[in-house]
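J.:
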Amino acid sequence: MKRITFASIFALVVLAWTGEARAQATPYEFNAHVGAFKWDDDLGPEDTDVMAGIRFMLHYPSGWGWGGNFDWVKADETRVLPGEDVDTNLYLYSFEIDYTFPSASRAKFFVGAGVGGATIKVDDFDLPGPEAGGGSETHALVPLAGGVKFGNRPTRPTWAIRGDLRDNIIFGDETSHNLEASGGVSFFF
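Quick note: the sequence shown, position 71, residue 72 per this note's numbering, numbers continuous.
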């Protein structure tokens with residue numbers, strides 16, 4: 002009988018605590034963004050290209066959160082072989098863990114890191130070597146992020162303007178650091 006009573010009290014305390022935690026935060030974030038993507042000189046063109054993407058995050062009252070990212074970069078020209086320039090699409094997709102620093106203001110600063118993949122797809126040229134005929138290569142991706150969200154109110158915002166600075170580290174034949182500056186709108190529900 003003592004075990005049943007203890008288990009029942011424990012279950013009620015846990016349910017009350019998680020119900021209170023859910024009431025304190027708006028846990029889901031959907032973000033649509035655009036930005037500038039600066040290629041590492043060894044990976045792509047020596048310029049900056051436009052990128053677009055989405056993020057979906059689940060946040061906890063502790064400040065921790067996790068979710069997924071997807072970004073698309075369209076490069077006008079990319080060096081594949083010496084003297085060859087071709088059109089290229091880059092797809093970045095990753096799982097990420099974020100931490101948002103506590104703040105009583107509308108500005109919420111965050112940092113994050115993740116793991117995923119980067120697929121480089123060449124539209125009109127077959128890559129040399131084992132990838133011949135495939136027209137694409139996929140490599141490991143580690144995004145390192147930092148940024149800020151300006152919510153429409155300090156507590157329980159329904160939307161925010163979000164800005165990110167990211168180092169998208171791609172592990173191919175050589176490790177490349179590709180910088181991203183992006184901004185967009187987040188909706189919380």
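Think of the CB as a built atom: it goes at the ideal place given N, C-alpha and C, for glycine as much as any other residue.
State buried or exposed for Trp40, treating a residue as buried only when at least 16 other CB atoms are found within 10 Å of its CB.
T.: buried
J.: Under 8 Å by Cβ, that's how I've got Ser183 and Asp168 pegged, so tell me the actual separation to the nearest angstrom.
T.: The pair is not a contact, with the Cβ atoms about 13 Å apart (cut-off 8 Å).
J.: Note down the Cα distance separating Ser177 from Ala119, rounded to an integer number of angstroms.
T.: Distance between the alpha carbons of Ser177 and Ala119 is about 11 Å.
J.: State yes or no: is the C-beta of Asp72 within less than 8 Å of the C-beta of Met52?
T.: yes
J.: Taking buried to mean at least 16 other C-beta atoms within 10 Å of its own C-beta, is Gln25 buried or exposed?
T.: Because the pLDDT at Gln25 is just 44, under 50, the model does not fix this residue reliably, and the point stays unresolved.
J.: Just tell me which of Asp99, Ala141, Gly117 has its CA closest to the CA of Phe110.
T.: Asp99
J.: Could you pull out every residue in the same chain whose Cβ sits closer than 6 Å to the Cβ of Ala146, ignoring the five residues on either side in sequence?
T.: Gly113, Asp165, Arg167
J.: Is it true that the CB of Arg163 sits closer than 8 Å to the CB of Ser137?
T.: no
J.: Determine the direct distance from the alpha carbon of Pro62 to that of Trp18, and round the result to whole angstroms.
T.: With a pLDDT of 45 at Trp18, under the threshold of 50, the predicted position of this residue should be treated as unreliable, and no value is reported.
J.: Between the alpha carbons of Val35 and Ile171, how many angstroms are there, rounded?
T.: 20 Å
J.: Once the 5 residues before and after Gly185 are set aside, which same chain residues still bring their CB inside 7 Å of it?
T.: Asn32, Ala33, His34, Val35, Arg163
J.: How would you write the range of the beta strand (DSSP E) that Glu30 sits in, first residue to last?
T.: 29–39
J.: In terms of residue numbering, what span does the beta strand (DSSP E) encompassing Pro144 cover?
T.: Boundaries of the beta strand (DSSP E) harbouring Pro144: 137–152, taken from the DSSP string.
J.: I need the DSSP call for Gly97, collapsed to helix, strand or coil.
T.: Residue 97 is actually Glu in this sequence, not Gly. Looking at Glu97 - three-state DSSP - the assignment turns out to be strand.
J.: For Thr89, tell me which candidate among His60, Thr101, Val123, Trp65 has the shortest Cα-Cα distance.
T.: Val123
J.: Going by alpha carbons, who is nearest to Gly69 out of Phe189, Ala76, Arg56?
T.: Arg56
J.: I need the straight-line Cα distance from Phe38 to Ala141, nearest angstrom please.
T.: Rounded to whole angstroms, Phe38 to Ala141 spans 18 Å at the Cα level.
J.: Using 8 Å as the threshold, is the C-beta distance between Ala76 and Asp42 below it?
T.: no
J.: Could you give the residue range of the beta strand (DSSP E) that holds Ser104?
T.: Neither: Ser104 is in no beta strand (DSSP E) and is coded neither H nor E.
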